[in-house]
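Each remark here refers to the structure printed beneath this line.
Numbering (my numbering), first residue to last: 69 to 598.
Listed below in structure tokens is the structure:
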């Protein structure tokens, strides 16, 4: 395998979703903002539409959206919309945990059940959202039934917000005259396009950095060829880049140029797509590849987060998680779980009691000891996974008492916690029932670094920041000057976007934590969690 040859900890271009690798371009952030606006301030009912080619990140945005919805939101997610109108309403009712026994097959009975639930949710101050993925596969009859769902309302407000996710064919479908009533109810729409050349390079650098790469193996010409052959579609970038790294390893070439990239593209992309690339260029290439990959069944969710801790309810309730019961029992039996968690975290950073006492560390001052910083914050599990550092989760809620556990690993389906010296691997969904996002983190930080750095500052602290960023984006380090200028501010923003930190270009505690996470030294999250 090429990992050791290129200095990687793990494959950077796996098609398996991993929240640490989520990269949001400007257009992805705009699309997410449109979705959130459609549900939030603009969400007085009606439709929100998001379209894009296969592999451009629609599913990733859907996961991020689910992650950011407020707690008073209930979601029904329809993944297979090739349903009759009756089957569609049955699916929506099942997603919302409605009892429809004896009502199956009756559109009126199902609609009455759904309307009663929506009125009850409205009375409780809850917002209900229906998300339909692959909406271009809806039949005209089912689309009309979806439109009729927006007629469920009170005298002052619609009761259901509907989000349609689909390929470009969805836009064409909704442009039909017979669907104009539905189209007029769309309150927000966005079309997601592929990455441009600069974003493609930033995407590659981000994934390589997360995988532990210290030196970008793709040359400038190789990066250009990768953009041209992929059309800027993230899923195709992954496929070609992975094959190019394998070819470079087989040939013992530390630098991957345009020839290796072209050969990798020829080996992985269908012949018709290669013809269109020569005939029409990268955009036509992307369109041809989309059709070919759908047939081939290749699917990559770039994001995200996200998989995210989804509020979506499965059609059948999942089996009980025995580990969740162990977690609750251990919290009840460990009254000093915060002291235990901090003691374990200090040990992971190889800090002993002669340097700082555990009781002092628990206070989580900005600097708990010389060169050791502490941060209290709130984040999603996906954001914490991107930092790739063990940290402490503040638990509580449900039937669990308040307590603390050390987060040791994050997998696709499970998390690994250390609570009072006992390892507990439980489902992500189980954790969400007892964790509201609060965490505490420790990390190494030079004593000379102030709590805040911004544009116009200078000196050794800025040099340290530039050296850290150079390992991330291969930009200039401290040797090119130690002034916090506009270029550095832009680099900081990109880092903040990558780690899910507020993108303001100002370096505060969370951004300092992200910068420290770029250092291979120190403890990391376990890789063995499922």
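Built from N, CA and C at the ideal position, the CB exists for glycine as well.
Opposing strand residues paired with residue 486 [DSSP bridges]: Reading the chain shown from its first residue, position 418 is the one you call residue 486. Per DSSP, 474, 491.
Pairs of beta-carbons, one from the segment 488-502 and one from the segment 430-438, closer than 8 Å: are there three or more? no
Write down every uninterrupted run of the alpha helix (DSSP H) in the segment 307-339 whose length is 4 residues or greater and which is fully enclosed by it, in chain order. 326-336
Between the beta-carbon of residue 542 and the beta-carbon of residue 273, is there less than 8 Å? Residue 542 sits at position 474 when you count from the first residue of the chain shown. Residue 273 sits at position 205 when you count from the first residue of the chain shown. Going by C-beta atoms, residue 542 is nearer than 8 Å to residue 273.
If you run the structure through DSSP and keep just helix, strand and coil, what is residue 541? Numbered from 1 along the chain shown, position 473 holds the residue referred to as residue 541. Residue 541: helix per DSSP, three-state reduction.
If you follow the alpha helix (DSSP H) that residue 581 is in, where does it begin and where does it stop? Here residue 581 refers to the residue found at position 513 when the chain shown is read from its first residue. Segment 577-585, the alpha helix (DSSP H) holding residue 581.
Taking 8 Å as the cut-off, does the segment 279-296 touch the segment 318-331 (at least 3 CB pairs, one atom from each stretch)? yes
DSSP has residue 442 in a bridge; who is on the other side? Sequence index remark: in the chain shown, residue 442 carries index 374 (1-based). Note: residue 442 sits in a beta bridge opposite 510.
Locate the beta strand (DSSP E) running through residue 234, then write down its first and last residues. In the chain shown, counting from the first residue as 1, residue 234 sits at position 166. Where residue 234 is concerned, the enclosing beta strand (DSSP E) stretches over 228-234.
Check whether the segment 391-399 touches the segment 451-471, taking contact to mean three or more Cβ pairs, one atom from each stretch, closer than 8 Å. yes
Tell me, please, which residues DSSP counts as bridged to residue 448. Taking the chain shown and counting its residues from 1, one reaches residue 448 at position 380. In the DSSP output, where bridge partners are listed per residue, residue 448 has none listed.
In the DSSP output, which residue or residues are listed as bridge partners for residue 400? In the chain shown, counting from the first residue as 1, residue 400 sits at position 332. Partner(s): none; residue 400 has no beta bridge.
Bridge partner(s) assigned by DSSP for residue 435: Along the chain shown, read from residue 1 onward, the residue named residue 435 stands at position 367. Answer is 441, bridged to residue 435.
Expressed to the nearest angstrom, what Euclidean distance is found between the alpha-carbon atoms of residue 516 and residue 455? Numbered from its first residue, the chain shown carries residue 516 at position 448. Numbered from its first residue, the chain shown carries residue 455 at position 387. Roughly 22 Å between the two C-alpha positions.
Through-space distance from residue 440 to residue 344, alpha-carbon basis: The sequence position of residue 344 within the chain shown is 276, counting from 1. The sequence position of residue 440 within the chain shown is 372, counting from 1. Unreliable positioning characterises residue 344 in this predicted model, as indicated by a pLDDT of 34, which lies under 50. The coordinate reading is nonetheless provided below. If I take the Cα positions, the gap works out to 56 Å.
For residue 558 and residue 132, I'd like the C-alpha separation in whole angstroms. Numbered from its first residue, the chain shown carries residue 558 at position 490. Numbered from its first residue, the chain shown carries residue 132 at position 64. Going from the Cα of residue 558 to the Cα of residue 132 covers about 23 Å.
Reduced DSSP category for residue 348 - H, G, I as helix; E, B as strand; rest coil: By one-based count along the chain shown, residue 348 stands at place 280. With a pLDDT of 33 at residue 348, under the threshold of 50, the modelled position of this residue cannot be trusted; read the value that follows with caution. Helix at residue 348.
Helix, strand or coil at residue 595 according to DSSP, with G and I counted as helix: The sequence position of residue 595 within the chain shown is 527, counting from 1. Coil.
Backbone CA spacing between residue 427 and residue 404 [nearest angstrom]: For the purposes of this step, residue 427 is identified with residue 359 of the chain shown, where counting begins at 1. For the purposes of this step, residue 404 is identified with residue 336 of the chain shown, where counting begins at 1. If you take the alpha carbons of residue 427 and residue 404, they lie about 11 Å apart.
Are the C-beta of residue 308 and some C-beta of chain B separated by less than 8 Å? Absent from the structure: chain B. Only one protein chain is present.
Please say whether residue 152 and residue 210 have beta carbons closer to each other than 8 Å? Working through the chain shown from its first residue, we reach residue 210 at position 142. Working through the chain shown from its first residue, we reach residue 152 at position 84. A contact, by the Cβ cut-off of 8 Å.
Residues near residue 586 in its chain [Cβ-Cβ closer than 6 Å; skip 5 each side]: Counted from its first residue, the chain shown places residue 586 at position 518. Here the set comprises 536, 539, 540.
Would you decide whether residue 184 is buried or exposed? Buried here means 16 or more other CB atoms lie within 10 Å of its CB. For the purposes of this step, residue 184 is taken as the residue at position 116 of the chain shown. Exposed, by the Cβ-count rule.
Nearest neighbour of residue 320, chosen from 73, 235, 588, 172 [CA to CA]: In the chain shown, residue 320 corresponds to position 252, counting from 1. Out of 73, 235, 588, 172, 73 has the C-alpha closest to the C-alpha of residue 320.
Just checking, does the segment 408-424 make contact with the segment 472-485 on the three C-beta pairs under 8 Å criterion? yes
If you run the structure through DSSP and keep just helix, strand and coil, what is residue 369? Position 301 of the chain shown, counting from 1, holds the residue named residue 369. At residue 369, the pLDDT of 33 sits below 50, so the modelled position is not reliable; the number obtained from the coordinates is stated separately. Looking at residue 369 - three-state DSSP - the assignment turns out to be coil, as it is neither helix nor strand.
Is it true that the CB of residue 308 sits closer than 8 Å to the CB of residue 51? For residue 51 there is no data in the structure shown, the boundaries of the chain being 69 and 598.
Taking Cβ to Cβ, would you say residue 597 is nearer than 8 Å to residue 479? One-based indexing of the chain shown puts residue 597 at position 529. One-based indexing of the chain shown puts residue 479 at position 411. Yes, they are a contact pair.
Going by DSSP in three states, residue 148 sits in which element: helix, strand or coil? Here residue 148 refers to the residue found at position 80 when the chain shown is read from its first residue. Residue 148 falls in the coil class under three-state DSSP.
Starting from residue 567 and walking both ways along the alpha helix (DSSP H), at which residues does that stretch end? In the chain shown, residue 567 corresponds to position 499, counting from 1. Segment 554-567, the alpha helix (DSSP H) holding residue 567.
Tell me which residues share the same chain as residue 491 and place their Cβ nearer than 8 Å to its Cβ, disregarding the 5 neighbours each side in the sequence. The residue given as residue 491 occupies position 423 in the chain shown. Cβ within range, chain order: 476, 484, 485.
Can you pull the DSSP bridge partners for residue 459? Within the chain shown, the letter at position 391 stands for residue 459. Answer is 475, bridged to residue 459.
Smallest Cα separation from residue 128: which of 156, 526, 96, 593? Start at 1 with the first residue of the chain shown, and residue 128 comes out as number 60. For the residues 156, 526, 96, 593, the minimum Cα distance to residue 128 belongs to 96.
Taking the alpha carbon of residue 448 as the reference point, which residue from 147, 169, 135 has its own alpha carbon closest? Within the chain shown, the letter at position 380 stands for residue 448. When each option's Cα is compared against that of residue 448, the closest is 135.
Pair within 8 Å by beta-carbon distance, residue 443 and residue 509: Here the question's residue 443 lines up with position 375 in the chain shown. Here the question's residue 509 lines up with position 441 in the chain shown. Cβ distance < 8 Å, so residue 443 and residue 509 count as in contact.
Run through DSSP, which three-state label would residue 411 get? As a position in the chain shown, residue 411 is number 343, starting the count at 1. Residue 411: helix per DSSP, three-state reduction.
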